[in-house]
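Those sequence lines, one after another, are chains A and B. Residue -1 in the working numbering sits at position 16 of the first sequence, with consecutive numbering throughout. The working numbering runs 146 ahead of the 1-based position in the second sequence. Ideal placement from N, C-alpha and C gives every residue a C-beta, glycine not left out. Step one of this worksheet: look at the structure below.
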Amino acid sequence: MTTGTIDRVAYRRSRARRSTLTALLSTVVFAAVLLFVVTSSPGWSRVQDSFFNLRIGWDSLPALLEGLWLNIRVLVVCELLVLIFGLGIAALRSLRGPVWFPVRALAIGYVDLFRGLPLLICLYLVGFGLPGLRLSGIPTNPVLLGGLALVLIYTAYVAEVFRAGIESVHPSQLAAAKSIGLNYRRTMQLVVLPQATRRVTPALLNDFVALQKDCGLISVLGAVDAVRAAQIQAATTYNFTPYVVAGLLFIALAVPSARLADWAAGRVATRQGAV
Amino acid sequence: MTTPVLSVRGLVKAYHDRAVLDGIDLDVDEHQVVVLIGASGSGKSTLLRCIDLLEDIDDGQILLDGRDISDPRIDADAARQAMGMVFQSFNLFPHMTALANVALAPRVVHGSTRKDAQDRGRELLSRVGLAEKADAYPDKLSGGQQQRVAIARALAYEPRLLLLDEITSALDPELVGEVLALVGELAANGRTILMATHEMAFAREVADTVCFLDNGRIVESGSASQVLTEPQHDRTRQFLQRFTDRLA
């Protein structure tokens, strides 16, 4: 290494150290100001007591965790079903030929309907409407019905994500697949879908994070999940802290997924940049 | 006289009333190399894509070994299996290794076992000089290497006819040679080839027939020396003039 190189490296290191220090200092000052503004507000002591009561929060934790466990189970099952059905609907929409017209039309209608319907209304319709039909074989379990509503809504979103991915595969790839004699089904299966799913992984993980918190909405049907558990705790303690704790639990659950989504997006970006 | 491998009769292809191909007649005999030359937009690529049934045609016939493959009632997927096409922009499948690209058609279309398809793929890759790149993904290969993999992919199922669509146009000048050398080798081995190119020197060397296309018509065709050195038509002369100007 020449002296010039060493100088340059040393200079860059000192610049990096200064940047880190500045960022740290700025963060501390920013947090201090925020803390001061909140704690010096006139109603702070009452808010602190009813939202940030450590004792009540600690006592409610076991019940909330038990509720969260239900949320996680619902999440995993729903996510799997959503991925399968979403991909299925997207594939149905891309079918060609007049025979498939009704199937395509149904798929389009389904997506339009459930992408537009608010989740809460869907939950009420499925959760209270379906059992109200009093048909034999229809479950009355609020967890099952809530999960069904979530799957209905999210499948519509995920189907659109998959469709965007399918359409993003360049026509030259289709031409190449055709030219070596692959038929339409094989082309989709071996050439289009593998590329499409890779490309939409970041968007899918983003929907996964959204589904994670929306799982808390099955509480409106009476399922005792984390949100419902917090409601019960809040009603017995006359204090809102359990809601805050439940919220923190959901955030703690979402942060790793969000980082995973960022990582996946970064990986796709570098791969495409490498081409 | 034997039936030509490919016979195009009165081919018409139009986009929105604009005829891109305006009555093309063309024969390619077995073991022949036919080269299409002409300016960009003259219809060379469209002609090749129509022959490979990647575009619907508006009129005329395409006969492969005497069988009309332009008939909309035949199975186009099956017809394409007798032809191999190589594209200007390579169009390798980016999510598959070089070997997987080459082995795909034999395995899923022609029913080879995975092992047979891979053995055959390795053999082809070594023939195009890329044996050591079998497990590389396309984005790790140079343009010339990608195009050689694409040629191997098109050869993997022993097509009757090889269609090459300006396969060196997207390559850096120093990579053109390696791809053309490979095509020259294929020609020498008796492959039947129909190719569009701007490489006049190469055309002169390997072409049995050269066809000059202009505005969707074959203006002039004949032996390479005839068309390239003693063109009969003004348009052909104008077109070739630009190449000689560039060389001078």
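- Chain A places no beta carbon closer than 7 Å to that of B/Leu301, leaving this residue out of the contacts.
- Residue contact with chain A for B/Val255: present (Cβ-Cβ distance below 7 Å to some residue of chain A).
- The C-alpha of B/Leu238 lies about 12 Å from the C-alpha of B/Ala282.
- Annotation: the continuous alpha helix (DSSP H) that includes A/Asp190 extends over 176 to 197.
- Taking the Cα positions, A/Gly199 is about 7 Å away from A/Asn54.
- A/Val65 places its beta carbon 7 Å or farther from that of A/Leu75.
- C-alpha of A/Leu131 to C-alpha of A/Pro45: approximately 27 Å in a straight line.
- Contact of B/Pro218 with chain A by beta-carbon distance below 7 Å is absent, the smallest such distance being about 14 Å.
- Here B/Ala347 is exposed. Its C-beta has fewer than 16 other C-beta atoms within 10 Å.
- Per DSSP, B/Lys159 is one residue of the beta strand (DSSP E) stretching across 152 to 161.
- Pairing B/Val352 with B/Gly330 gives a Cβ-Cβ distance under 7 Å.
- Where B/Leu270 is concerned, the enclosing alpha helix (DSSP H) starts and stops at 260 to 273.
- As the crow flies, the alpha-carbon of B/Thr192 is around 28 Å from that of A/Ala147.
- Under the three-state reduction of DSSP output, A/Asp245 falls in the helix class.
- Counting C-beta pairs closer than 8 Å gives fewer than three between the stretch 199 to 213 of chain A and the stretch 166 to 185 of chain A, which falls short of the contact rule.
- Put simply, the CB of B/Leu200 is near chain A, with a gap under 7 Å to one of its CB atoms.
- Of all residues in the stretch 155 to 179 of chain A, only Ser155, Gln156, Ala158, Ala159, Lys161, Ser162, Ile163, Gly164, Leu165, Asn166, Arg169, Leu173, Val174, Pro177, Gln178 come within less than 7 Å of chain B when Cβ atoms are compared, listed by chain position.
- Counting of Cβ neighbours within 10 angstroms places B/Glu345 among the buried residues, the total reaching 16 or more.
- For B/Ile220, the number of other beta carbons within 10 angstroms of its own is below 16, and it is reported as exposed.
- The beta carbon of A/Ala244 sits closer than 7 Å to those of Pro185, Leu188, Asn189, Val192, all from its chain and outside the five residues before and after it, given in chain order.
- Taken through DSSP and simplified to helix, strand or coil, A/Val144 comes out as helix.
- For the pair of segments examined, the stretch 214 to 231 of chain A was found to touch the stretch 37 to 51 of chain A: the number of CB pairs separated by less than 8 Å reaches three.
- Nearest CB-CB separation between B/Arg226 and chain A: below the 7 Å threshold.
- Under the three-state reduction of DSSP, B/Met346 is assigned to helix.
- Taken in chain order, the complete alpha helix (DSSP H) segments of 4 residues or longer contained in the stretch 155 to 241 of chain B are 190 to 197, 222 to 226.
- What B/His241 touches in chain A, judged by beta-carbon distance under 8 Å, is Pro177, Gln178, Arg181, going in chain order.
- Note that the C-beta distance between B/Gln207 and B/Asp214 is below 7 Å.
- Under the 7 Å criterion on CB atoms, B/Asp211 is classed as non-interfacial with respect to chain A.
- When secondary structure is reduced to three states using DSSP, B/Glu376 falls in the coil class, being assigned neither helix nor strand.
- Secondary structure of B/Glu278 (DSSP, three-state): helix.
- DSSP places A/Ser155 outside any beta strand (DSSP E); the residue lies instead in the alpha helix (DSSP H), whose first and last residues are 154 to 162.
- Between A/Leu106 and A/Val203, the gap from beta carbon to beta carbon is short of 7 Å.
- With respect to chain A, the C-beta atom of B/Asn237 has a partner C-beta closer than 7 Å.
- As DSSP reads the structure, B/Glu324 sits in no beta bridge.
- The C-alpha of B/Gln292 lies about 41 Å from the C-alpha of A/Gly(-13).
- Where B/Phe358 is concerned, the enclosing beta strand (DSSP E) starts and stops at 355 to 360.
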